[in-house]
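The next block holds one structure in the form of structure tokens; read it before the comments.
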Amino acid sequence: MEKNFFAIDLGATSGRTILGALTPEGLTIREINRFPNYLIPINGHFYWDIYELYRNILEGLRAVAREGNRIASIGIDTWGVDFVCVGDDGEFLRQPYAYRDSQTEGAPARYFERVSRSRTYELTGIQVMDFNTLFQLDTLRRREDSAFGAARKFLFIPDALSYLLTGQMVCEYTIASTSQLLNAHARQLEPELLAQLDLSPEYFGRFVYPGEKMGVLTEEIRRLTGLGPVPVVAVAEHDTASAVAAVPAEDKNFAYLSSGTWSLMGIEIAEPIITSETEALNFTNEGGVGHTIRLLKNICGMWLLERCRVNWPGVSYEELIAEANQCEPFRHFIAPDDPVFAHPEDMEKAIRGYVAERGQSPIETRGELVRCILESLAMRYAEVFASLRKLSPHPIEVLHIIGGGSRNELLNQWTANAIGIPVVAGPAEATAIGNLFVQILADRGETDFGEMRRLIRKSIPLKTYAPQHTEVWKAAYQKYLKMIQ
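Encoded structure:
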């Protein structure tokens, strides 16, 4: 009988549940339900509605049960850093704060008064961002937050949801690695950092790695859904870790670009690279499948275009790409990661203002604006790729673009042109596929992630982009570096 696996894939704006099965023809996936994930503003703070996410997960499980499908296991992946406070009685103490909440602005500097920035990076290898779990917890401690004071456990978002399904409290490796609480070499929570928060590793759940069974559905969940004692498996619970698990690489000589609202470019390595150079470049060492490390850099991705589209209702991506392709190349450039583009009220206005301030010619059409965004992203990818090439212990011969952005054929080609090596696009559904394949391997009792990638290459259509006009793009890259100064 065909085995089905249930993936719960939650992003910062929407979530979905997916049913997958491995057949002789390859992996089949089918979306069961999709739902929004709203930020809830209350009293000047932003929260996630953990119970609404749970309700929608139950709806997906009920739908599968009604169809008569048997599920071999369930796995959950989400965004990183955020967590739920759990009290002595096992109840959630309140809805979790969202990483976009402003309370952590300037929080790293306050923490570094007690533990230096360099020491924190030396232990964790994680890039400093205001919203890292370390700084969220320190902010709650300083504010004498009531939920923090009463908490006996802190569960990352996917672990909190698995707790609601199984009653078991765990702390999964890849999601914990986003927190800046994890020792990158030991692959365990770091007591030295936690001590500054008046915490210890015991305040988190049982530590687990991708492929480990966390528990089975509780009797209550079985009654509510009509399912049996289905195992819940620890997948790579950080969504980017799941996506990277699905990179259809043939060997280790690759880099990846997880392309979506954020772009994350990196390499997969056996041990963390934590040096003064990686600290200065603000590279991060996060956990991956098979105890690997994902050395990567966060880059502002399609967020730039998505925010501009707010001003262009009803205009499709296809129309915008066509308009951009008709415009003069290399006329305007922005630095995609400039703080001015983090949360502007009007992204289009912010881009036009950035260009004007640097003496570039005015952006006259929508197509020019879109071309500016896409060419600037390609150049930023080239910039980060150059650093990765220097840091990598092995050669990089191909870039794999995964995630929704892998469907953007124009940007894929421009990225290949800018970095000068082939780009392989796909799978677009990398996060869900990585989630499902970890479950499949766990069900088989296997840990060969190379075999998983071979099956993905067999199952998923991929497209390769060879570099074109590389000398022209090299000259344009130098122009980009000058124009963003």
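The numbering of the sequence shown is my numbering, which starts it at 1007 and goes up by one. Where is the CB? At the ideal position from N, CA and C, for every residue including glycine. Note that the coordinates shown come from a computational prediction; the quantities given were computed from them, not determined experimentally.
What are the start and end residues of the alpha helix (DSSP H) that includes tyrosine 1486?
1476-1489
Taking three-plus beta-carbon pairs below 8 Å as touching, is the segment 1225-1237 in contact with the segment 1381-1394?
no
Closest to serine 1398 by C-alpha separation, out of Phe1289, Glu1457 and Lys1469, would be which residue?
Phe1289
Give the DSSP bridge partners of lysine 1464, in chain order.
Answer is none; lysine 1464 lacks a bridge partner.
Taking a contact to mean a Cβ-Cβ separation below 8 Å, would you say asparagine 1418 touches tyrosine 1471 in this structure?
yes
Just to confirm, is the Cβ distance from methionine 1271 to phenylalanine 1347 under 8 Å?
no
Could you tell me the boundaries of the alpha helix (DSSP H) in which proline 1319 lies?
Proline 1319 -> no alpha helix (DSSP H), and no H or E assigned at all.
Which whole-angstrom value describes the C-beta separation of threonine 1139 and serine 1185, a residue pair presumed to lie in contact below a C-beta threshold of 8 Å?
3 Å
Residue span of the alpha helix (DSSP H) that contains arginine 1395, given as start and end:
From DSSP, the alpha helix (DSSP H) with arginine 1395 extends over 1372-1397.
What is the DSSP secondary structure of phenylalanine 1052, counted as helix, strand or coil?
strand
Using a Cβ-Cβ cut-off of 8 Å, state whether alanine 1247 counts as contacting chain B.
You won't find chain B in this structure, because it holds only one protein chain.
Would you report the Cα separation of glutamine 1202 and histidine 1475, rounded to the nearest angstrom?
53 Å
With the cut-off set at 8 Å, would you say glycine 1373 and glutamine 1332 are in Cβ contact?
A contact, by the Cβ cut-off of 8 Å.
Compute the distance between the beta-carbons of arginine 1147 and aspartate 1204, then report whether it is under 8 Å.
yes
Give the straight-line distance between the Cα atoms of arginine 1295 and glutamate 1324, rounded to the nearest whole angstrom.
Here residue 1295 turns out to be valine, not arginine, going by the sequence shown. Between valine 1295 and glutamate 1324, the C-alpha separation is close to 35 Å.
Looking at the structure shown, is glutamate 1243 part of a helix, part of a strand, or coil, going by DSSP?
It is coil, neither helix nor strand.
Where do the N-terminal and C-terminal ends of the alpha helix (DSSP H) with threonine 1437 fall, by residue?
1436-1450
Using a Cβ-Cβ cutoff of less than 6 Å, which residues in the same chain neighbour alanine 1040 once the five nearest sequence positions on both sides are dropped?
First, the residue type needs correcting, since residue 1040 is arginine and not alanine in the sequence shown. Answer for arginine 1040: Arg1022, listed in chain order.
Glutamine 1101 classed as buried or exposed, judged by whether at least 16 other C-beta atoms fall within 10 angstroms
buried
Taking the CB atoms as reference points, tell me whether isoleucine 1280 and alanine 1190 lie closer together than 8 Å.
Yes.
So the alpha helix (DSSP H) glutamate 1325 belongs to, where does it begin and stop?
1323-1331
Can you find the residues in the same chain that come closer than 7 Å, C-beta to C-beta, to threonine 1231, ignoring five residues on each side of it along the sequence?
Leu1064, Leu1067, Arg1068 and Ala1071
With DSSP as the reference, identify every bridge partner of cysteine 1091, one or two as the case may be.
According to DSSP, residue pairing for cysteine 1091 in a beta bridge involves Phe1160.
Are there three or more Cβ pairs, one per stretch, closer than 8 Å when the segment 1121-1140 is compared with the segment 1076-1085?
no
Would you list the residues sitting across from asparagine 1039 in a DSSP beta bridge?
Thr1023
Beta-carbon proximity list for threonine 1246, same chain, < 6 Å, skipping 5 on both sides:
So the list reads Ser1264 and Leu1270, once near-sequence residues are dropped.
Using CA coordinates, which residue listed in Gly1026, Ala1192 and Leu1416 is at the minimum distance from isoleucine 1327?
Leu1416
Starting from the C-beta of arginine 1315, find all residues in its chain whose C-beta is less than 6 Å away, skip the five residues before and the five after it, and write them out in chain order.
Cβ within range, chain order: n/a, list empty.
Rounded Cβ spacing between alanine 1251 and phenylalanine 1012 (contact assumed at less than 8 Å)
Going by Cβ atoms, the distance from alanine 1251 to phenylalanine 1012 rounds to 17 Å, so no, they are not a contact pair.
Please check the pair glutamate 1274 and arginine 1300, which I expect to be a contact at CB under 8 Å, by giving their CB distance rounded to whole angstroms.
6 Å
Buried or exposed: which applies to tyrosine 1057, given that a residue is buried once 16 or more other Cβ atoms fall within 10 Å of its Cβ?
With fewer than 16 other Cβ atoms from the protein chains shown falling within 10 Å of its own Cβ, tyrosine 1057 counts as exposed.
Can you round the beta-carbon distance between tyrosine 1179 and tyrosine 1215 to whole angstroms, since I take them to be within the 8 Å contact cut?
5 Å
Could you spell out the range, first to last residue, of the beta strand (DSSP E) harbouring alanine 1422?
Unbroken run through alanine 1422 is the alpha helix (DSSP H), 1415-1425; no beta strand (DSSP E).
First and last residue of the uninterrupted alpha helix (DSSP H) at aspartate 1144:
1139-1148
Return the bridge partner residues of aspartate 1343 from the DSSP annotation.
Beta-bridge pairing links aspartate 1343 to no other residue.
Using a threshold of 8 Å, state whether the C-beta atoms of glutamate 1354 and leucine 1375 are closer than that.
yes
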